[in-house]
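Counting with mature numbering (1 follows the signal peptide of the UniProt record, and there is no 0), you get residues -19 to -1, 1 to 204 for the letters of the sequence shown. The beta-carbon is built from N, C-alpha and C at its ideal position, and this holds for glycine as well.
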Amino acid sequence: MAPAYALLVLTTILLSTSTSTPPSTAAALQHPPSRHPSPGEYKVYFVLLKPRADGAHLAMNKDEHREWNLSFLPSAFTVHGKKRMVSSYGAIFYGFSAWLTDEELDDVSRKTGFGRSFPAGVKHPATTQTPDFLGLNKAENYGWDNSNYGKRGVNLTSPLLIHHDPDLWGKDASQFNPERFADGISNATKHPGAFFPLGGGPWICIGQNYALLQAKMALSTIL
């Protein structure tokens, strides 16, 4: 009687373990995982966060800032096992850079505290312009008054070449000669606009006045 009862219990246990579905598997069946993105779909994004209303971010240390940033990510690693977080920021601004797909970034942007985002990349400052904005192109055969600009293509101007042009500065154009500026910059050359070390127009260096002041102080010390 006892062996038969033991056999019945063992059979019941085996059947229950072979037919039951683990909770994790059942959850996966009810909520199947989304499409696995390819490695090429991941890009590094900078995400800027808004300061917390309770001011808790002001008292956070480096690790706490990182944990706060990680709370915005879908996971610590991508589906390919790559670490998501690239860097965490908490000095000048609050935020992080991380590997995200466009869909994941959209989810991050819906979370409370999200400020803005932009992809990582090389951004060139708008300190120069092509000659196109001057209206000089090969399709138009005309020149400015008293010049050949605009004829036979585009003319490019190089400050380096102009600042070393003997026709403008004299035979000592390549020499250090502070005395050439004794009567002012506009009188230092044969053309009043030949000296523009900090650019010109809307893209002129914003520190021009300060730089010129320092240059004058240096020259006054030398002279």
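Original post:
DSSP three-state call for M66: helix, strand or coil?
Top reply: Here residue 66 refers to the residue found at position 85 when the sequence shown is read from its first residue. Strand at M66.
**OP:** Assuming F53 contacts V28 (C-beta within less than 8 Å), just tell me the rounded distance between them.
**Re:** Mapped onto the sequence shown, residue 53 falls at position 72. Mapped onto the sequence shown, residue 28 falls at position 47. Sure, about 7 Å apart at Cβ, within 8 Å.
**OP:** Could you check how far apart the C-beta atoms of F176 and I166 are, in whole angstroms? I think they sit under 8 Å.
**Re:** Position 195 of the sequence shown holds residue 176. Position 185 of the sequence shown holds residue 166. In this structure, F176 and I166 form a Cβ contact; the two beta carbons are roughly 5 Å apart against a cut-off of 8 Å.
**OP:** Return the residue from the list N42, G102 and P100 that minimises the CA-CA distance to Y70.
**Re:** Within the sequence shown, the letter at position 89 stands for residue 70. Out of N42, G102 and P100, N42 has the C-alpha closest to the C-alpha of Y70.
**OP:** Drop a sphere of 10 angstroms on the beta-carbon of E85, count the other beta-carbons inside from all chains shown, and report buried for 16 or more, exposed for fewer.
**Re:** Translated into positions along the sequence shown, residue 85 becomes position 104. So E85 counts as buried.
Subject >> Residue from H172, P100 and A154 with nearest C-alpha to F77 >> reply: Walking along the sequence shown from the start, residue 77 turns up at place 96. From the listed residues H172, P100 and A154, the smallest Cα separation to F77 is found for P100.
Original post:
Rounded to a whole number of angstroms, what is the C-alpha to C-alpha distance between T45 and L39?
Top reply: Counting from one through the sequence shown, the residue named residue 45 turns up at place 64. Counting from one through the sequence shown, the residue named residue 39 turns up at place 58. The sequence given here places Glu at residue 45; Thr does not occur at that position. One C-alpha to the other measures close to 11 Å.
Subject >> Range of the contiguous beta strand (DSSP E) that encloses S78 >> reply: As a working mapping, residue 78 is identified with position 97 in the sequence shown. Looking at the DSSP string, the run of the beta strand (DSSP E) that includes S78 is G76 to L81.
Original post:
Where does G96 fall in DSSP's three states?
Top reply: Taking the sequence shown and counting its residues from 1, one reaches residue 96 at position 115. Collapsing the DSSP output to three states places G96 in a strand.
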